[in-house]
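Have a look at the structure below, then the notes.
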Ligand SMILES: C[S@@+](CC[C@H](N)C(=O)[O-])C[C@H]1O[C@@H](n2cnc3c(N)ncnc32)[C@H](O)[C@@H]1O
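Numbering (the numbering used here), first residue to last: 33 to 284.
Here it is in structure tokens:
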């Protein structure tokens, strides 16, 4: 049995020894090689295969999301949501903006299938999802292929404290910046003040311009709060009285 086959389906391993100058590549299980497929892993490659792409099929769409997957014009706006969870925002957004296209990224099979199932059940053909690691986003999209990007409540990596695993870091942000079309934005929300303050320093090292930021979206967010969709995780945090840190970055 290969090393990959012996891992649990959702296990993620980061290549912590990667050279600093190289993109930090992750290693995830290959769905095709899973010794014990379950209903979610099977749905990914069968029922939803036209809209849900495993880690082997997803990169084949690089540069062709509009032409091959969505079969829309190259001018059509296409957004990306990183870590869709159960897909509440994913489906809400696709429904609210039917003329935009949305590609989700999710590492875990169950939330991935929940997300695409939710969208497809509502007839939202403007959505697709990939089982992929956010650190490898540049293998999925060409420079200038993407419009807006959403990163809502990514794992904060505070316990255990492993800032190297945080998705909102200067290297990933710079890759995302290059992938975006001019005039696009990136929205980042987190319940973790520690992650947010750390991320602000990372953001300073990128070409992004800050359109708006605050430490408490619900008290200081104004029109950003009014336009806000409360995600599944956000609901839990707000109920617990935790402040929601928010920043909107733009690529001029
Ligand atoms: C805390 S949940 C937030 C879900 C959703 N965005 C929300 O606000 O309700 C974080 C999600 O990101 C996914 N995730 C974590 N690390 C990831 C990675 N490196 N690449 C892609 N998805 C990841 C997790 O599986 C989980 O579903």
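Beta carbons: idealized from backbone N, C-alpha and C, even for Gly.
If you're wondering where the values come from, they're calculated on a predicted model, not measured in any experiment.
Using the C-alpha atoms, what's the distance from residue 146 back to residue 117? CA-CA distance, residue 117 to residue 146, rounds to 8 Å.
Is residue 215 near ligand 1 - that is, is its Cβ less than 7 Å away from at least one heavy atom of it? For ligand 1, not one heavy atom lies less than 7 Å from the Cβ of residue 215.
Is DSSP giving residue 220 helix, strand or coil here? Correct three-state label for residue 220: strand.
Buried or exposed by the 16-neighbour rule on C-beta atoms within 10 Å, applied to residue 192: Exposed.
Would you mind stating whether residue 166 and residue 115 have Cβ atoms separated by less than 8 Å? The answer is yes: Cβ separation under 8 Å.
Sorted by chain position, which residues of the same chain lie with C-beta nearer than 6 Å to residue 148's C-beta, five sequence neighbours on each side aside? Excluding residues up to 5 positions away in sequence, 80, 83, 84 and 161 lie with their Cβ nearer than 6 Å to the Cβ of residue 148 in the same chain.
Identify every residue that forms a DSSP beta bridge with residue 131. None; residue 131 has no bridge partner.
Regarding residue 287 and ligand 1, is the C-beta to nearest heavy atom distance less than 7 Å? Here the chain comprises residues numbered 33 to 284, so residue 287 is not present and cannot be evaluated.
So the candidates are 199, 144, 98 and 236; which of them puts its Cα closest to the Cα of residue 87? Closest by C-alpha distance to residue 87, out of 199, 144, 98 and 236, is 144.
Report yes if the C-beta of residue 87 is less than 7 Å from at least one heavy atom of ligand 1; otherwise report no. No, since every heavy atom of ligand 1 falls outside the 7 Å radius drawn around the Cβ of residue 87.
Is the Cβ-Cβ distance between residue 278 and residue 256 less than 8 Å? Annotated as proximal: residue 278 and residue 256, with beta-carbon spacing under 8 Å.
For residue 103, which three-state DSSP category applies? Residue 103: coil per DSSP, three-state reduction.
Between residue 246 and the rest of its own chain, which residues show a CB-CB distance below 7 Å, the 5 nearest in sequence each way excluded? The beta carbon of residue 246 lies closer than 7 Å to those of 252, 253 and 278 in the same chain, with the five residues before and after it left out.
Rounded C-alpha distance that separates residue 181 from residue 267: If you draw a straight line from the Cα of residue 181 to the Cα of residue 267, it comes to about 21 Å.
Let me check understanding here. Comparing Cα to Cα, which of 196, 110, 201 and 74 lies closest to residue 213? Per the Cα distances, 110.
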